[in-house]
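Let me begin by presenting the structure, written as structure tokens, before commenting on it.
In this note's numbering, the protein residues as written are 84 to 451.
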């Protein structure tokens, strides 16, 4: 039904997939494309065999573009979503070892994500993360011309001279085939700048002028529980509680390291890592030791984070391991101080959004 409905209209369709940063990149792309065209986008993370068709069924003659997130657990799912959506532009953010408990291997993830690129027409554009070697080599999977984005020198759309502006966001130079511009975004962290480059590449693929792209990105974008800055009385929360994988947690810890104040990391279990579960959690813990002044670890199978942090040199007195979000609130409450900045991140199933809600209720949110 959705495929038939899609054929009734002729919007520019942009499909987005990847192991991390799908939703935040989708929001950045929608901000750029939506600045000049009436744009339909996936709500939340409606990216599966149910959510994407429901989004497509919202298409109408008024829509000039659609920005659609495409997720998967097993091979073949993205191919089916692309058959329904018929994207002209396909964007792949990353290929990492996530959902391995279902799909099995990193190679299987790569094959599945590449299904989006195989669906693109010759008249389309494939946008690839040039900093991810697995994604970058996916150019062989498509007949469409390729744009790469990232921090590296081979990226067509490149972030240069990146620096943190603290809680105000990030500043950098954006170099593109359409020209170069200095810019600032209100979003936090290197990954947000990376997402901005992806969105800029999508804008260029859609024929937008650089000044339009820069203006749209400078106005910012957001997605619930994804690097959301929550100002509380006396402290600040970085709510990144929607989901987590080792790569995305490392990016979040890098973000935390750029922020002023005593750094508190509340890190929960990362689910569906398969055989990488132990190593992935320890790696995150070791990185937390280099950044966090206080670490609260959440989840019955998240002990590897605590062990990794201790091995990385963080005093055990500054590490506390609890089983659930509610207990984490109780553990955190007496240890908070004025001026703290608190990173909250875990897989969705751990429910750390409840911890953020509890802090909002207890401390009061400051509306700026």
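For glycine and all other residues, C-beta sits at the position ideal for the given N, C-alpha and C.
In this text the structure is predicted, and so the values were computed from the model without any measurement.
task = Write down every uninterrupted run of the alpha helix (DSSP H) in the segment 196-271 whose length is 4 residues or greater and which is fully enclosed by it, in chain order.
result = 198-201 and 216-219
message = Pop quiz: residue 372 and residue 386 are said to be a contact at Cβ under 8 Å. What is the actual Cβ separation, rounded to whole angstroms?
response = Not confirmed; about 15 Å, so no contact.
Per-residue DSSP class, three states only, for residue 193 = helix
inquiry  = Taking its Cβ as the centre, do 16 or more other Cβ atoms sit within 10 Å of residue 320, making it buried, or is it exposed?
reply    = buried
Delimiting residues of the alpha helix (DSSP H) encompassing residue 436 = 436-446
Any alpha helix (DSSP H) of 4 or more consecutive residues that is wholly inside the segment 103-129 = 105-116
key: Euclidean distance between Cα positions of residue 207 and residue 442   = 46 Å
query = Tell me which same chain residues have a C-beta within less than 7 Å of the C-beta of residue 309, skipping the five on either side of it?
reply = 106, 107, 323 and 325
query = Whole-angstrom Cβ separation of residue 193 and residue 217, contact assumed at under 8 Å?
reply = 5 Å
ask   = In its own chain, which residues sit with a C-beta less than 7 Å from the C-beta of residue 221, not counting the 5 before and 5 after it?
value = 175, 197, 200 and 211
inquiry  = Are the CB atoms of residue 265 and residue 273 within a distance shorter than 9 Å?
reply    = no
key: Candidates 384, 377, 343 and 409: closest to residue 357 by CA position   = 384
request  = Name the one or two DSSP bridge partners that residue 47 has.
outcome  = Here the chain comprises residues numbered 84 to 451, so residue 47 is not present and cannot be evaluated.
key: Residue(s) in a DSSP beta bridge with residue 98   = 151 and 173
Nearest residue (CA-CA) to residue 330, options 91, 96, 103 and 92 = 103
task = Compare the Cα-Cα distances from residue 343 to each of 141, 375, 351 and 219 and report the closest residue.
result = 375
ask   = Is it true that the segment 108-116 meets the segment 177-188, where meeting means three or more beta-carbon pairs spaced less than 8 Å apart?
value = no
query = Quick one: Cα of residue 445 to Cα of residue 315, how far?
reply = 9 Å
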